[in-house]
Amino acid sequence: MTFPVVGMVGGGQLARMTHEAGIPLGIKFKLLSDTPQDSAAQVVGDVVVGDYRDIHTLRAFAQGCDVITFDHEHVPTELLQVLEADGIPVRPGPDALVHAQDKGVMRARLDALGIPSPRHRLVKDAADVAAFAAEGADGGDGFPVVLKTVRGGYDGKGVWVVRGPGDEAASEPFRAGVPVLAEEKVDFARELAANVVRSPHGQAVAYPVVESIQVDGVCDTVIAPAPELPEDEAVRAQELALTIARELGVVGHLAVELFETRDGRILVNELAMRPHNSGHWTQDGAVTSQFANHVRAVLDLPLGDPRPRARWTVMANVLGGDYPDMYGAYLHCMARDPQLKIHMYGKDVKPGRKVGHVNVHGDDLADVRERAAHAAGYLRGTITE
């Protein structure tokens, strides 16, 4: 019996967890990793260590793979086009993936589709930033403004908030010599995320819309489903994500990060075409996880049920702190909460680094949130009792 080989570019925790989801199906994985110590390289049997930006490395890696997919969006578009020309299925393909790689391309396409986004424009220097701010001024100078490099930013990196025309942050992004996108700083009530999965033949599923709570630009907690989100707004967010997936030709998992504004609008903030932090709750809280459905989608298998298993599921990220002995904390966490699910990534513990997450589910939201926060805090060492 022959099972397909999924080639995964990128050796981070997303690849690690996607590989885990393929094991029950007998799916074979081949990994292109930066180093042998990367999170997924520790657990995948077939690992190639090399540079994903080198076409010769990519072509050699792709030999023997039935499909290529990713745990990040950094592979240059033109290299993926070469793989496609070689007859290798790339999912998501470069024509779709570029919308997650380049924020300028993404905004232009969403505008053409009539998808609501923050007011935005590509800018060339600090004076242009001030001009952009003035265009949206309503009785003031139009600041603050958010600046983003169009490629390469994540977890708050490549993002600056400019609070006035004399702010030094207005010049900082241009020093890298890459295009810069200016956006209005949205007065949002909270951040949401709509996660969907789409297969090559057009089948698609949508997970419940979640609330994503950020701390210092990094996702801290995800609540599924988003509390007190009216059903019509939740459906509207799911429909937005499904429309984007269809119109952009996405194959695999798509995370649409959203702003819920104080006046009830839903605006698209970012796109990610891979498993996403806002979907980690699905490992233990959904009938079929985002990782399992991503594997199914890239292989064009029927997609699994995305419905939640419990009334509430809360995911809390475990960040590195000054307490490196996380394994020693398992005794307390597991004894305190036998239903707790701990997922660690095999990373060295460094302050502020995502090294794992916990999932907790139940019928009482306040209880579930407290249990998740306690476990994540105890593993980090910020809670000691």
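In my numbering, the protein residues as written are 1272 to 1656. C-beta: ideal position from N, C-alpha, C; glycine also. Every value quoted in this text rests on a predicted model; they were computed, and no experiment measured them.
Grouping DSSP H, G and I as helix and E and B as strand, with all else coil, what is residue 1411?
-> coil
Determine, for residue 1340, whether the minimum Cβ-Cβ distance to residues of chain C falls below 9 Å. Among the protein chains of the structure shown there is no chain C, as only one such chain exists.
* Uninterrupted beta strand (DSSP E) stretches inside the region 1302-1371 (no shorter than 3 residues) -> 1317-1320 and 1338-1341
Assuming residue 1322 and residue 1285 make a contact with CB atoms under 8 Å, what is their CB distance in whole Å? Their Cβ separation, rounded to whole angstroms, is 19 Å, which puts residue 1322 and residue 1285 out of contact at 8 Å.
(request) Taking 9 Å as the cut-off, decide whether the C-beta atoms of residue 1436 and residue 1412 are in contact. (result) yes
* Below 7 Å CB to CB, which residues in the same chain sit around residue 1387 once its five sequence neighbours on both sides are set aside? => 1536, 1537, 1538 and 1539
C-alpha distance - residue 1499 paired with residue 1640, whole-angstrom precision: 15 Å
Whole-angstrom distance between residue 1400 and residue 1597, CA atom to CA atom:
45 Å
Can you tell me the Cα-Cα spacing of residue 1471 and residue 1363, whole angstroms? 9 Å
Practice problem: On a CA-only basis, which of 1566, 1569, 1578 and 1534 is nearest residue 1555? Give me that one, please. | Solution: 1578
**Request:** Report yes or no: do the region 1309-1318 and the region 1583-1597 share at least 3 C-beta pairs separated by less than 8 Å?
**Result:** no
Notebook entry, point to check: So does the region 1498-1513 actually touch the region 1598-1608, counting three or more Cβ pairs closer than 8 Å?
Noted result: no
>> For the structure I just gave you, are there three or more beta carbon pairs, one from the region 1505-1513 and one from the region 1367-1377, closer than 8 Å?
In response: no
Give me the DSSP bridge partner(s) of residue 1395. Looking at the DSSP assignment, residue 1395 forms no beta bridge with any residue, so it has no partner.
**Asked** Taking the alpha-carbon positions, what's the residue 1568 to residue 1523 distance?
**Response** 5 Å
Query raised in the report: Is the beta carbon of residue 1338 less than 9 Å from the beta carbon of residue 1353?
Result: no
Along the chain, where does the alpha helix (DSSP H) containing residue 1469 start, and where does it finish? It is not in any alpha helix (DSSP H) - residue 1469 instead sits in the beta strand (DSSP E) that spans 1459-1469.
Buried or exposed: residue 1358, going by 16 or more other Cβ atoms within 10 Å of its Cβ? exposed
Worksheet item: Apart from the five residues just before and just after residue 1562, which ones in its own chain have a Cβ nearer than 6 Å to its Cβ?
Response: 1288, 1289, 1292 and 1546
For residue 1551 and residue 1628, which I take to be in contact (beta-carbon distance under 8 Å), what is that distance rounded to the nearest angstrom? 5 Å
task = Could you spell out where the beta strand (DSSP E) holding residue 1447 opens and where it closes?
result = Per DSSP, residue 1447 belongs to no beta strand (DSSP E) and is neither H nor E.
- In the DSSP assignment, find the unbroken beta strand (DSSP E) run with residue 1628 in it and report its ends. 1625-1633
I need the boundaries of the beta strand (DSSP E) containing residue 1615, first residue and last residue.
1612-1615
- Message: Does the structure place the region 1463-1479 close enough to the region 1429-1443 that three or more beta carbon pairs sit under 8 Å?
- Response: no
* In terms of alpha-carbon separation, which member of 1332, 1447, 1621 and 1608 lies closest to residue 1595? -> 1621
Would you report the Cα separation of residue 1612 and residue 1643, rounded to the nearest angstrom? 9 Å
Exercise for the section: State the DSSP-derived secondary structure class of residue 1492, mapped to helix, strand or coil. Expected result: strand
I'd like to confirm the pairing. Which residues does DSSP put opposite residue 1597 in its beta bridges?
In DSSP, residue 1597 forms no bridge with anything.
Tell me where the alpha helix (DSSP H) around residue 1497 begins and ends. Element bounds for residue 1497: n/a, residue is neither H nor E.
(Q) Less than 7 Å between C-beta atoms, sequence neighbours within five positions excluded: which residues of the same chain meet that for residue 1397? (A) 1441 and 1442
To the nearest angstrom, report how far apart residue 1572 and residue 1448 are at their CA atoms.
43 Å
For this session: Go ahead and pull the three-state DSSP assignment for residue 1485.
Result: strand
Would you mind stating whether residue 1308 and residue 1344 have Cβ atoms separated by less than 9 Å? no
Which residue comes first and which comes last in the alpha helix (DSSP H) that contains residue 1288?
1284-1293
Next item on the list: Specify, as a first and last residue, the run of the alpha helix (DSSP H) that residue 1456 falls within.
Entry: Element bounds for residue 1456: n/a, residue is neither H nor E.
Considering Cα atoms alone, identify which of 1650, 1653 and 1591 is closest to residue 1625.
1591
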